[in-house]
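Chemist: Sending over a structure as structure tokens; questions will come in a sec.
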Amino acid sequence: MGSVTDQPRYVPSIVADKISAYAVATGLLGALFQRSQTGQGQAVEIGMFECLVDFMMVEHLYGATFDPPIDRMGYSRILTRERRPYATQDGYLAVLPYSDQNWRDFFKIAGREDLLQDPRFATVGNRVDNAQALYGAVAQIVATRTSQEWIQVLEAANIPVTPVNTKEALLDDAQLQASHFWHFVDHPTEGRLRLTDAPVRFSGSEFEVRQHAPLLGEHSESILMEAGYSPPEIDQLFATGVTAGPRKSLNSH
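Its first residue numbered 14, the sequence shown is counted upward by one per residue in this note's numbering.
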């Protein structure tokens with residue numbers, strides 16, 4: 014949205030594709046459930062643009078939730094440029110006091126009695142209205158100690174804090190190791206591959222990798238057969254270059 018840097022930029026992830034995939038999954042499950050209850054099937058249509066707008070407007074519709082609007086759009090507390098990972102003396106931390114008690118404890122730990130008494134930061138409403146000043150003060154405070162020093166005292170006070178991971182650090186993250194999140198499989202042509210586990214766990218069943226990522230055209234023949242094409246028709250599609258891939262089951266016809 015550009016509110017943090019004043020310049021728009023692309024989110025460094027394929028967010029639209031991934032969010033839309035979740036919408037497809039939930040939409041199909043909803044349609045399947047209704048079919049199980051009514052016996053009636055139906056078409057399911059998913060709009061990628063609508064998926065993104067729905068995802069973003071959970072918090073950013075804000076004042077425009079009401080008709081007519083009672084305030085501007087955008088949740089100002091999380092759009093402020095100062096609400097970001099903070100530099101410590103030796104790294105970066107996400108420090109996110111939330112409740113009134115969190116903030117009182119944070120100011121006490123920081124030795125900032127002046128902020129503890131500041132009416133701008135006394136209530137959640139006041140903190141939202143003064144988010145820029147609040148998080149600017151946090152940035153100055155966090156810069157005074159090392160990451161581990163902050164983690165030790167803030168965790169003891171039940172104040173949300175976590176180090177900022179690099180992508181590479183996630184490969185050895187203690188939580189992900191404990192939950193066996195990373196899986197390894199052997200691909201017939203690409204060798205050993207690292208995969209993520211499903212983030213959903215069921216008590217009575219487990220996810221498993223049933224087949225490798227297909228090679229180019231690997232399933233062309235079987236998909237055409239499922240679609241109702243006859244062996245001669247499939248032969249013709251391969252011969253004319255309409256499709257390609259390894260031939261498996263039709264060589265004997």
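Glycine is no exception: its CB is placed at the ideal position from the N, C-alpha and C atoms.
Just so you know, these numbers come straight off a predicted model, no measurement behind them.
1. Cβ atoms of residue 156 and residue 100: under 9 angstroms apart, would you say?
2. Compare the beta carbon distance of residue 158 and residue 102 with 9 angstroms and say whether it is the shorter of the two.
3. Looking at the strands, I want to know which residues DSSP matches up with residue 199.
4. Looking only at C-alpha atoms, which of 259, 196, 35 sits nearest to residue 233?
5. So, for residue 56: in the same chain, excluding its five sequence neighbours on each side, which residues have a beta-carbon less than 7 angstroms away from its beta-carbon?
6. Take residue 141 as the anchor and find which of 112, 161, 154 has the nearest alpha-carbon.
7. How far does the beta strand (DSSP E) with residue 270 in it extend, from its first residue to its last?
8. Just list the residues that DSSP pairs residue 99 with in beta bridges.
9. Starting from residue 39, trace the alpha helix (DSSP H) both ways and give me its first and last residue.
10. DSSP three-state label for residue 250, please.
11. What does the alpha-carbon distance come out to for the pair residue 52 and residue 45?
12. Tell me which residue opens and which closes the beta strand (DSSP E) that residue 174 is part of.
Modeler: With the structure as the only source:
1. yes
2. yes
3. 205
4. 259
5. none
6. Selected option, being the one with the closest Cα: 112.
7. Within the shown structure, residues of the chain are numbered from 14 to 266, placing residue 270 beyond reach of any answer.
8. 106
9. 28-51
10. helix
11. 9 angstroms
12. Looking at the DSSP string, the run of the beta strand (DSSP E) that includes residue 174 is 174-176.
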